[in-house]
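For reference, the structure discussed in these notes is given below.
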Amino acid sequence: MTEQSTTPEVPDTLTQGSRVSGKGWKVQKNAFRVKSLGVGSKWAKKQEQRLKDQQVKAKLKELKQEKEDEKKARIDAMKERREKKAEKERYEMMAAKMHAKKVERMRKKEKRNKLLKEGR
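Right, dumping it as structure tokens:
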């Protein structure tokens, strides 16, 4: 058989004694002190946690930047496509009014000007 302790369990309220005021039904309050938040943790453990947090933040930032770059690339591609389409339509309108060789000369001239502007 297992041996059981013969001392009965005594609640904490009885060990402190009864209150003089007679308010035994009232909950006893203690002073508020932060006792256990930072006391038990070691410095190395804190450093390790800080390092993990920094790594997570860096990874999140990298993912966010990657997503933003993809979005920017899509937008740039759309803009480029729209510009080319508008330019093509404009040349078609000019070709309907003017001679084809003149339109071709204008196109080359505009291309040169565009390259000069971007080169600056």
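All residue numbers for the sequence shown refer to the UniProt record's numbering, where the first residue is 1 and numbers rise by one. Glycine is no exception: its CB is placed at the ideal position from the N, C-alpha and C atoms.
- The beta carbon of E89 sits closer than 7 Å to no other beta carbon from its chain once the five residues preceding and following it are set aside.
- Under the criterion of beta carbons closer than 8 Å, Y91 and R107 qualify as touching, at roughly 6 Å.
- Rounded to whole angstroms, the separation of the alpha carbons of K67 and K42 is 38 Å.
- Residue range 43-97 is occupied by the alpha helix (DSSP H) that includes W43.
- Under the three-state reduction of DSSP output, R105 falls in the helix class.
- The three-state reading of DSSP puts A31 in coil, since its state is none of H, G, I, E or B.
- Ranked by Cα distance from K111, the options K84, A95, M93, M98 are led by K84.
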